[in-house]
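According to the working numbering, the residues represented by the sequence shown are 144 to 416, in order. Built from N, CA and C at the ideal position, the CB exists for glycine as well. Only one structure is covered here, and it is reproduced in the block below.
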Amino acid sequence: MLWCLGLAPAPVRCGSGEYRPPVAFFATPQSANFLSTGLGGYVGVGYTHAWQTPLSGHEGDRWQLGSLGLFYRPTRWLLLLVRGGLYQRLGAAKRQAAPRILLSGDSLHDVEDFEVHAVVLLWSGGAGRRALSFRLGMRLPNTNQHQGMGTNTSDLFFSLHWGMAVGRVQLILDGGVGILTAPLETNSQNDVALYGAAVLWPVGRDVWLGAEVNGFFTTRHVIPAGTESRGVARLGGHWQRGAAGLEVYGQIGLTRRSGKLGGGLLLTWWLPW
């Protein structure tokens, strides 16, 4: 799962009220673009039908329990993020005839690889509410490679993010490069293209609708195992009450390995200062 992440313009204003945007925005922290200085995070669960593991090649229904994210924005020019998952499980309904990693039993389970990101605001458009930011991220090896549910590699991500407000609607576009370590090959990597687009629309003082597309793709003809193209499209809503919020979303995979249909639920919090 790869996402859009950056810093964008000030929150949308409508009439005399100010809309406070959601914190997690479907666990791909789009809304961190709109946050004031402060500390926040999310915890949630997710489900994906017909998801394929990156290494073993097994396919089944994936449950993500205990997805976590922590945002820290000390100044309006800098955002820090840590995210990952405490538990994921796959019911392996389909298995490769010759899986890359031999497994026993009918299901797999593991933690998720954690990620650390820093986002720097490069330019803010002021009254026009346009902004450009740069993200540097790293995925850390935490998963068990013998389970095959994660790559257990150190990967780097570099991307630029452009955001603007059109009336009440917030828009984000991003693109960049990911350097993915080939988990089953020595001294090998795959440089992939990152992409993303998101829309956030306030429909009331405490309710937002959001949509996003994000992922990465490779142009190589011979693709190292574990670095194949993946992407998802999500649609959902966010309800905010004070410092806490609730997000619900549905998703569809954009590649065969990303699963077919899925969804999730997130509890969020944000403490501005």
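Go ahead and pull the three-state DSSP assignment for residue i.
i: Ser276; result: strand
i: Arg219; result: coil
i: Ser179; result: coil
i: Ser401; result: helix
i: Pro415; result: strand
i: Met87; result: Within the shown structure, residues of the chain are numbered from 144 to 416, placing residue 87 beyond reach of any answer.
i: Asp334; result: strand
i: Pro367; result: coil
i: Leu327; result: coil
i: Phe214; result: strand
i: Thr191; result: strand
i: Pro345; result: strand
i: Asp249; result: coil
i: Gly374; result: strand
Between which two residues does the beta strand (DSSP E) holding residue i run?
i: Ile315; result: Val312 to Thr324
i: Asp298; result: Asp298 to Val309
i: Ala386; result: Ala386 -> no beta strand (DSSP E), and no H or E assigned at all.
i: Asp256; result: It is not in any beta strand (DSSP E) - Asp256 carries neither H nor E in the DSSP assignment.
i: Asn295; result: From DSSP, Asn295 is part of no beta strand (DSSP E); its letter is neither H nor E.
i: Phe359; result: Val350 to Phe360
Residue i and residue j look like a contact to me (Cβ under 8 Å); what is the Cβ gap, rounded to whole Å?
i: Asn295; j: Asp334; result: About 19 Å separates the two Cβ atoms, so there is no contact after all.
i: Arg205; j: Gly402; result: 7 Å
Where does residue i land, buried or exposed, given buried means 16+ other C-beta within 10 angstroms?
i: Cys157; result: Any reading at Cys157 is ruled out, since the residue's pLDDT is 35, under 50, leaving its predicted position unreliable.
i: Val263; result: exposed
i: Ser179; result: exposed
i: Thr329; result: exposed
i: Pro152; result: For Pro152, the predicted model reports a pLDDT of 35, less than 50, meaning its position is unreliable and no value from the coordinates is stated.
i: Val346; result: exposed
Closer than 8 Å is the cut-off here; do at least three beta carbon pairs connect the stretch 300-308 with the stretch 206-219?
No: fewer than three Cβ pairs fall under 8 Å.
Is the stretch 403-414 in contact with the stretch 354-367, if contact means three or more CB pairs nearer than 8 Å?
Contact fails: fewer than three Cβ-Cβ distances are below 8 Å.
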